[in-house]
Structures are given as C-alpha cells and as structure tokens.
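First comes the structure, then the notes that go with it.
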Amino acid sequence: MTRIYLAGHRGMVGGAILRQLKARGAQVITRTHAELDLTDQAAVRGFLQAERPDVVILAAAKVGGILANNTYPADFIYENLMIECNVIHQAFAAGVTRLLQLGSSCIYPRAVPQPMREDALLTGVLEPTNEPYAIAKIAGIKLCESYNRQHGTDYRSVMPTNLYGPGDNFHPENSHVLPALIRRFHEAARDGLDEVVIWGTGTPRREFLHVDDMAEASLFVLDLPKDTYDANTDPMLSHINVGTGTDVSILDLARMVAGITGFGGRIVTDPTKPDGTPRKLMDVTRLADMGWRARIGLEEGIAGTYRWFLDNQDSFRR
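The sequence shown lines up with residues 195 to 512 when you count with our numbering.
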C-alpha cells in the first residue's frame with residue numbers, strides 16, 4: 195500500500211485532505227508540530243529518512259489575514275521558506291519521487307489581469323500587504339520545478355483561491371475575511387447590536403472555495419497520470435490554479451453572512467482600513483480541462499461552516 199506523509203494535517207486544508215485519504219483507506223503518516231518542527235532541518239531529515247514515505251503532501255504553512263501578514267512579515271517569509279525547503283529537499287533525499295505542494299493565489303501580481311492565469315506568475319509587483327508570504331509560496335513552486343528539472347522527480351503544486359470551511363481560524367484578529375465575518379456577525383446577532391463595521395470599502399471582489407472541494411482537487415491533481423499533468427503544464431510553469439471561477443464583493447459577502455447568522459442590523463464600511471487587492475479571481479481553465487470543477491456553492495458552504503462554528507465555538511481562543 196502507498197504510504198503518504200501529510201504535513202499540516204491539523205490545519206483546515208490538511209484536515210480536509212486527511213478526511214478524504216482516510217475515506218479511501220489510505221495509509222497516512224502524520225506528526226503534530228510538537229512531534230516534528232518543520233522549520234528544523236535536522237528533525238525533518240531524521241523523520242523522512244526513518245519513515246521513507248512513497249508520497250508527500252505539503253499542506254503545512256504559516257497563514258493569516260491582512261493584519262497578521264502586516265504585523266509579522268518576518269515570521270511569514272522565514273517560517274514558510276524553511277518549511278518548504280526542509281520538506282521538499284529532505285523528501286528528495288529520502289527517495290520520495292511524488293510530492294504535492296499547496297500554495298496560494300497571492301502569488302500573482304497585484305495588478306494582474308482578471309481572471310488570473312497561471313502564466314501571470316512573476317509578471318508584476320505583488321500586493322504589499324502579503325508580499326513576504328507570497329514570495330515564500332513562489333519559492334515553493336520553483337523548488338518543485340527545479341527538483342523536477344534536475345532530478346526527474348514528480349513534484350506538483352496547486353494554488354488555491356481563498357479557502358473556508360470546517361476547521362477554519364475564527365480568531366478575531368488573525369483570521370481571514372470570511373471566518374472573521376462569520377464570527378463578527380454571529381456575535382452581533384447574539385448581542386443584539388444595531389450595526390456591524392467591516393474593513394475597507396466593501397468593493398473588492400474575492401473568490402471563495404470550500405476546503406472539501408480543495409481537498410478533492412488536491413488529490414485529483416496528485417492522482418493525475420504524469421503524462422496528463424505534463425501535457426497540461428510546462429516544466430517552468432507547472433502550478434495549477436484551484437478555484438470556483440466566480441467571485442463576490444466583500445459587501446455582498448457580508449450581506450450573505452448576515453443573513454445566514456441572523457443579523458438584521460446595518461452593515462457599515464470603514465474606508466480608513468485597507469482593502470487589499472481590488473480583485474482576485476482565478477482562471478481555472480487548466481484544471482477544468484483536466485476534468486475537475488468545484489461543486490459546493492458559496493451560500494451552502496457558508497451555512498455549513500456556520501453550523502461547524504456553532505458546534506465548536508467553545509474551543510476558540512478569545
């Protein structure tokens with residue numbers, strides 16, 4: 195049986211991938227951060243030399259929203275670079291020929307034409323609010339491509355759009371926009387508030403992909419025959435976008451969340467706060483041509499995520 199090392203199994207994406215791998219009956223190797231620090235080169239080397247998995251899925255990363263990226267830029271670039279360098283190189287050193295790395299849509303330039311095609315990579319200036327994280331994720335793509343070119347490995351990269359779903363981070367300061375809105379509107383409805391203020395103008399448009407769809411797409415790409423993957427990519431442009439191909443304004447998103455959480459007050463925008471990139475919509479033609487499309491609608495997905503939030507809110511840090 196194929197042995198798969200899944201790095202980041204306790205994260206939102208890694209947890210969804212783990213659920214689907216277990217449903218398949220796969221043999222999955224995992225380690226918590228306490229058991230294995232992926233920024234520790236010697237520890238990663240020892241682990242992979244001892245375990246020698248057949249496949250590695252790299253879903254581990256340091257992630258956060260605009261505030262977290264602005265506050266801790268050194269942490270974001272250092273930790274993500276170290277995780278990628280250690281896992282990818284030590285996987286190669288341990289004889290692993292198949293690897294899937296998960297990245298982020300923030301790899302694309304701020305002013306890139308929409309929707310964002312894979313060949314937009316490295317064609318312009320990045321969004322300043324998350325540039326350190328984006329640089330690290332670009333480096334991960336290039337690590338995979340370079341090992342493929344020099345060593346003949348089969349290391350693949352998938353770039354998801356904004357993800358949400360069960361297991362998300364609902365911290366009031368360090369979460370992404372959708373879980374932050376869910377928590378804010380839930381608390382406003384609970385406390386009977388008259389209004390909720392959202393960051394920015396509300397005009398930026400974002401695309402959101404349910405984490406279960408992302409897990410399904412990741413395993414779809416991992417399982418593609420090498421001939422199919424190679425025929426649809428390029429050795430130096432090998433990453434694949436994963437998204438829904440549709441987007442929504444932040445204000446409309448807030449209205450949707452308000453309805454789902456039962457908040458009936460006013461929604462007020464705060465244009466003194468940063469908007470981030472004006473629009474981020476993935477071109478998912480490459481993946482669609484290979485046979486995969488997202489299936490979970492946004493309203494359905496948010497409703498399910500809110501139910502998960504309600505079931506687990508006592509465990510969230512305040």
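Heads up, the beta-carbon is just placed ideally off N, CA and C, and yes, glycines get one too.
All values reported here derive from a predicted model rather than from experimental measurement.
Using the three-state DSSP reduction, which class does residue i fall into: helix, strand or coil?
i: Ala-201; result: strand
i: Phe-402; result: strand
i: Gly-208; result: helix
i: Arg-384; result: helix
i: Lys-336; result: helix
i: Tyr-272; result: helix
i: Lys-467; result: coil
i: Ile-514; result: Because the chain in this structure spans residues 195 to 512, residue 514 falls outside the shown range and cannot be described.
i: Tyr-266; result: coil
i: Ser-520; result: Because the chain spans 195 through 512 in this model, residue 520 falls outside it and cannot be assessed.
i: Asp-231; result: coil
i: Met-514; result: Because the chain in this structure spans residues 195 to 512, residue 514 falls outside the shown range and cannot be described.
i: Arg-292; result: strand
Count the other CB atoms within 10 Å of the CB of residue i; is the residue buried (16 or more) or exposed (fewer)?
i: Asn-506; result: exposed
i: Arg-478; result: Here residue 478 is Val; the residue named in the question, Arg, does not match the sequence. The residue in question, Val-478, is buried, as its Cβ has 16 or more Cβ neighbours within 10 Å.
i: Thr-355; result: buried
i: Ser-412; result: buried
i: Ser-432; result: buried
i: Ala-201; result: buried
i: Thr-427; result: buried
i: Gln-344; result: exposed
i: Glu-493; result: exposed
i: Val-319; result: exposed
i: Ser-509; result: exposed
i: Pro-309; result: buried
i: Lys-420; result: exposed
i: Arg-400; result: buried
i: Thr-317; result: exposed
i: Lys-331; result: buried
i: Thr-438; result: buried
i: Met-353; result: buried
Going by the CB atoms, is the gap between residue j and residue i shorter than 7 Å?
i: Ile-251; j: Leu-294; result: yes
i: Ala-288; j: Gln-243; result: yes
i: Gly-346; j: Met-206; result: no
i: Tyr-327; j: Phe-270; result: yes
i: Gly-459; j: Leu-387; result: yes
i: Asn-435; j: Met-484; result: no
i: Gln-235; j: Asn-280; result: yes
Going by DSSP, what residues sit across from residue i in a beta bridge?
i: Asp-428; result: Leu-431
i: Arg-460; result: Glu-389
i: Asn-356; result: Phe-402
i: Gln-221; result: Arg-197
i: Gly-394; result: Asp-464
i: Lys-420; result: Paired residue(s): none; Lys-420 is not in a bridge.
Note down the Cα distance separating residue i from residue j, rounded to an integer number of angstroms.
i: Gly-495; j: Asp-406; result: 10 Å
i: Thr-466; j: Met-408; result: 33 Å
i: Leu-261; j: Pro-267; result: 10 Å
i: Glu-229; j: Phe-457; result: 42 Å
i: Asp-248; j: Pro-398; result: 42 Å
i: Trp-486; j: Thr-422; result: 13 Å
i: Val-451; j: Asp-417; result: 35 Å
i: Val-390; j: His-404; result: 25 Å
i: Ala-497; j: Ile-454; result: 6 Å
So, does the CB of residue i fall closer than 7 Å to a CB anywhere in chain D?
i: Thr-265; result: Going by chain labels, chain D is absent from the structure shown, which holds only one protein chain.
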